[in-house]
Structures are given as C-alpha cells and as structure tokens.
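The numbers in the sequence shown follow our numbering, run straight up by one, and end at 279. Note that beta-carbon positions come from the ideal geometry of N, C-alpha and C, so glycine has one too. Written out below as structure tokens is the structure these notes cover.
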Amino acid sequence: MTTAPRTVRPSRNARLGTLALLAWSGPHPEEGRDVAFLLAYSLGDGEGGPEGAEAAARELLDELGMPAGTVHDPDHGATLPITLLLEGGQAVLTMPHFNVQCATPPQWMEAAQAQGGANFIFATRPWPEAVPGRPLTEAQLQAFAGDADTLTTAAHCVLPARRLRR
Numbered sequence: 114m115t116t117a118p119r120t121v122r123p124s125r126n127a128r129l130g131t132l133a134l135l136a137w138s139g140p141h142p143e144e145g146r147d148v149a150f151l152l153a154y155s156l157g158d159g160e161g162g163p164e165g166a167e168a169a170a171r172e173l174l175d176e177l178g179m180p181a182g183t184v185h186d187p188d189h190g191a192t193l194p195i196t197l198l199l200e201g202g203q204a205v206l207t208m209p210h211f212n213v214q215c216a217t218p219p220q221w222m223e224a225a226q227a228q229g230g231a232n233f234i235f236a237t238r239p240w241p242e243a244v245p246g247r248p249l250t251e252a253q254l255q256a257f258a259g260d261a262d263t264l265t266t267a268a269h270c271v272l273p274a275r276r277l278r279r
C-alpha cells in the first residue's frame, strides 16, 4: 500500500522568521514634545522567504484583531492581546506566540513614559537590512518606516505602556 505525498505547511512562526523591534522618537509636529514610536517587522528570513513572512505577518495581525492596512484609535491598543513593558532601558512587546524586546535610547524612554505608551507599527513588509545589533541611519529608517507601501500595509495603534511594580 502506498500513501499519497502530503504537503506540510510551515508554522506561522517559521514563515515569519526573525521578528525584530525598533524604537525611535521624534518631535510631535503640533505639541512640541517627542513622541515614541515602536516598529515590529520581520527580517523575511523564514521559510518561504519575504513572501512567506508577509503572509505570516498578515495572519498574525488578523488574529490580534488589527488587520494590515488599518489605523486604530488610541483606545484600541488597550483592548489588544499585546502588552508593552518598559523596564531598564528596554521595551518588551508580548503578544500571543511572541515576545520580542529591544534596547531603547533614553529620549525614547522619556517620550514613552510621558505619553504613557508608544505609537506601534507592525509592518507586514519584511526589512532584511535592519538586522538587530547593526546600526541604522536616519535615512534608512525614513526610507522604510516612511515609505507609503510600508505604512499602508502595516497595522497602527497606540500601545499603553506598563512598568514593573517595585
């Protein structure tokens, strides 16, 4: 007896590949204060390459209740299954099946604490050039995070921040 070959689809995590987190701050155009931004993105190094990573990111965003291409009102972040913890110069993002963290510059931490959270962007478009631990220039950040394709295919919300109780 023979069996038919079957296709085994890689898990979403395997297709997403490396999930990275990047924090930066910049001046608010109307309020004269810094605003904290937090960008989650895949390096596109998972099974299926960049296309597989993009599809996996879209599936994850659907599961989280913030579909790709959407901008959610500030209160929506509080109802998502995502938490942002600020501690010891680190931003720690926790969501179902993932936990990712990054070091933050002091001005980012000050801005995040002042606004009580961060403007969160989850890009579906992979960014293989932005490998954690390698420095990025402001021009590289602007070219990716400011690109219309990146912004219109990402999900956006304001995530409230938590701190450890002492």
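- Residues of the same chain with a CB within less than 7 Å of the CB of L132, apart from the 5 flanking positions on each side, are A153, S155, F211, V213 in chain order.
- DSSP places G159 in the coil class of the three-state scheme, outside both helix and strand.
- For the 8 Å CB-CB criterion, T217 and A274 do not form a contact.
- With a beta-carbon spacing of about 11 Å, A224 and L199 fall beyond the 8 Å limit used to define contacts.
- Listed in chain order, the non-local C-beta contacts of Q253 below 8 Å within the same chain comprise E242, A243, local neighbours out to five positions each way being set aside.
- The beta-carbon separation of A181 and A268, rounded to 6 Å, stays under the 8 Å limit for a contact.
- The shortest C-alpha to C-alpha distance from E144 to any of C270, T237, R238, A227 is the one to A227.
- Proximity to T265 across A231, V184, C215, P194 peaks at V184, based on C-alpha coordinates.
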